[in-house]
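Chemist: Handing you this structure, nothing more for now.
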Amino acid sequence: MEETKRSNEKARKIAFVCTKYFFLVLVSCIFLFPVYVLLITSIMPDDDITYRALWPTGLNLATYLEFFQSADYLQYILNTLFVSGMTIIGVCFASSLTAYALTKLNFFGRDAVFAMVMAVVLLPGTVLSIPLTIIYRQISWDGTLFPLWVPLWMGGGTMNIFLVRQFMRGIPNSYCEAAKLDGANSFQVYLRVVLPMIKPILIYLAVTTFIGTWNDFQGPLTYVGTKSGAEDKWTLSLALYFKYMNASTAETTKANTQAAVGVIVMLPCLIMFAFFQKSIMEGISSVGVKG
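The working numbering puts the first residue of the sequence shown at 1, with every later residue one more than the last.
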């Protein structure tokens with residue numbers, strides 16, 4: 001009787017595990033299928049695209065060469081790297097400094113200031129795009145890369161501030177007080193004590209900011225793409241749209257070429273996530289535990 005009960009329990013556990021992994025594999029296939037189609041389409045010969053084949057009959061790398069033979073591709077990559085790099089620096093520095101002030105410094109109205117900062121989350125970014133566009137045009141920033149990274153230096157973003165603040169709450173105040181007893185001022189405490197201790201969350205912010213900035217299309221389209229003669233300021237996503245995807249070029253551009261450019265744009269994000277996956281998970285889990 002006891003053995004029958006144990007065997008039934010073991011069978012239920014095996015069935016549960018098999019069912020769980022079946023659905024996990026199924027969901028993974030659903031999410032990965034568009035990526036598979038993109039990769040396969042990028043190396044397909046033209047005839048395979050006509051018949052919508054799911055596996056190429058041959059290897060066609062000319063689609064990738066077509067992009068790299070473009071005279072301006074290096075400029076697009078440099079523009080995107082510049083914007084991504086400046087945004088990462090601004091987000092990590094400004095959000096951590098703001099979070100430090102809202103967590104470790106005692107001043108009148110600190111909680112009210114934090115509440116007002118968090119209230120910005122209620123404002124959709126699209127609502128602010130029109131007034132920001134007007135302001136940037138008045139200061140002659142339209143058609144430049146400044147609107148894409150300078151605003152992130154002014155605080156670092158509401159959710160980024162929130163995440164860093166939650167992480168900093170797990171740092172004992174005694175560390176900061178001990179540093180001040182040794183003669184360090186508030187900024188030195190932030191720079192030498194707090195900043196090294198929040199490395200996991202800063203890596204998380206850097207990776208997610210890079211992915212978001214690298215793939216950003218609305219910002220470059222709004223502040224750069226609407227300005228005639230600003231082609232030398234295009235980012236990769238903007239160049240992908242205007243040269244391969246918009247109404248005037250989509251009909252004359254082959255689907256395999258469009259897919260190849262999409263793979264090129266997507267590849268840095270995949271590499272970044274693959275290298276820093278462990279740090280990203282540590283940053284997320286530590287915020288959940290320490291917050």
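Heads up, the beta-carbon is just placed ideally off N, CA and C, and yes, glycines get one too.
Computed from a prediction, not measured in an experiment: that's the story for all the values here.
#1: Assuming proline 147 is part of the alpha helix (DSSP H), what are its boundary residues?
#2: Select from Val189, Thr41, Pro151, Leu78 the residue whose C-alpha is nearest the C-alpha of isoleucine 89.
#3: Starting from proline 200, follow the alpha helix (DSSP H) in both directions and report where the run begins and ends.
#4: Can the beta-carbon of serine 42 be found closer than 8 Å to that of asparagine 256?
#5: How long is the line joining the alpha carbons of methionine 266 and proline 220, rounded to whole angstroms?
#6: From Ile171, Pro200, Asp111, Gly157, pick the residue whose C-alpha is nearest to that of tryptophan 122; which is it?
#7: Quick one: is arginine 137 near chain B, going by C-beta distance under 8 Å?
#8: Tell me the DSSP secondary structure of lysine 104 in three-state form.
#9: Identify which residue in Phe67, Ser7, Leu102 has its Cα closest to the Cα of alanine 239.
#10: Just curious, the alpha helix (DSSP H) that valine 127 is in, first and last residue?
#11: For lysine 254, name the three-state secondary structure that DSSP assigns.
#12: As a quick exercise: from Asp72, Arg110, Thr208, Arg165, pick the residue whose alpha carbon is nearest that of phenylalanine 275.
#13: Can you name, in chain order, every residue of its own chain whose Cβ lies under 7 Å from the Cβ of tyrosine 100, other than the five neighbours on each side?
#14: Can you tell me which of Pro172, Tyr244, Trp214 puts its alpha carbon nearest to the alpha carbon of leucine 235?
#15: Buried or exposed: which applies to tryptophan 141, given that a residue is buried once 16 or more other Cβ atoms fall within 10 Å of its Cβ?
#16: When you compare each of Ser186, Gly58, Val117 to aspartate 47 by their alpha carbons, which one comes out closest?
#17: My assumption, with CB atoms under 8 Å, is that arginine 165 sits in contact with leucine 102. Please give the rounded CB distance.
#18: Roughly how many angstroms lie between the CA atoms of threonine 19 and lysine 13, to the nearest whole one?
#19: Starting from methionine 154, trace the alpha helix (DSSP H) in both directions and tell me its first and last residue.
#20: Whose CA, out of Ala94, Leu145, Leu128, lies closest to the CA of lysine 227?
#21: Beta carbon of alanine 178, beta carbon of cysteine 92: below 8 Å?
#22: Decide if leucine 147 is buried, meaning its Cβ has at least 16 other Cβ atoms within 10 Å, or exposed.
#23: If we count the other Cβ atoms within 10 Å of its Cβ and call it buried at 16 or more, is tyrosine 223 buried or exposed?
#24: Nearest CA to the CA of serine 237: which residue from Leu61, Tyr73, Ile171?
#25: Starting from the N-terminal side, write out each stretch of the beta strand (DSSP E) that is 3 residues or longer and does not extend beyond the stretch 23-57.
Modeler: Considering the structure as presented:
#1: 146-149
#2: Pro151
#3: 199-215
#4: yes
#5: 17 Å
#6: Here residue 122 turns out to be leucine, not tryptophan, going by the sequence shown. Selected option, being the one with the closest Cα: Gly157.
#7: Checking the listed chains, one finds no chain B in this structure; it contains a single protein chain.
#8: helix
#9: Phe67
#10: 125-138
#11: coil
#12: Thr208
#13: Met168, Tyr190, Val194
#14: Looking at the sequence provided, one finds threonine at residue 235 rather than leucine. The option with the nearest alpha carbon to threonine 235 is Trp214.
#15: buried
#16: Gly58
#17: 6 Å
#18: 10 Å
#19: Segment: none, methionine 154 is in no alpha helix (DSSP H) and carries neither H nor E.
#20: Leu145
#21: no
#22: Residue identity check: residue 147 is proline in the sequence provided, not leucine. With 16 or more Cβ atoms within 10 Å of its Cβ, proline 147 is classed as buried.
#23: buried
#24: Tyr73
#25: none
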